[in-house]
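**Q** Got a structure here, written out as structure tokens. Questions coming.
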Amino acid sequence: MAKTNSVISFQEIFEEHPVKSCIGCFFAGIAASYWLLTFLYEDKYQNLKDRYEDKIEQLNKAHEQDLQIKEITLKKEEGTKYYLNVDPNTKLGSDISKLINKYENEK
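So my numbering is basically just the index in the sequence shown, starting at one, shifted up by 190.
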């Protein structure tokens, strides 16, 4: 015989299947909490993510600039060593470098 009462009450569902009802309520609560937190805090997370990406990009650019400066410095030192055949870290090398810089500044 078919059931004529098509109205479903939550009390009947909880009485017939209490474990399934608790599990269903648990997952419904998780879904509702996730939706609410996503709705409220998504922009804040995106802003944090953007800020950290900008910081990482800025640090990469600063590192590249430092490497370029070090490369130029090494090329200058190697050029000085090659042309003068003197180590620029010694006293004689520093004196010669000062004289060269003084001469270039006078030009």
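Don't be surprised by glycine CBs; every beta carbon is placed ideally from N, CA and C.
1) Determine the direct distance from the alpha carbon of Gly214 to that of Ile220, and round the result to whole angstroms.
2) Put Val276 into one of helix, strand or coil per three-state DSSP.
3) Does DSSP put Ser199 in a helix, in a strand, or in coil?
4) Please state the DSSP three-state secondary structure of Lys288.
5) So, Val276 versus Gly283, is the Cβ gap smaller than 8 angstroms?
6) Is the separation between the beta-carbon of Glu267 and that of Pro278 shorter than 8 angstroms?
7) Go ahead and pull the three-state DSSP assignment for His207.
8) May I have the straight-line CA-CA distance separating Ile246 from Gln255, to the nearest angstrom?
9) Give the straight-line distance between the Cα atoms of Leu226 and Lys239, rounded to the nearest whole angstrom.
10) Check whether the Cβ atoms of Ser211 and Phe217 lie closer than 8 angstroms to each other.
**A** In terms of the structure at hand:
1) 10 angstroms
2) coil
3) coil
4) helix
5) yes
6) yes
7) coil
8) 14 angstroms
9) 20 angstroms
10) no
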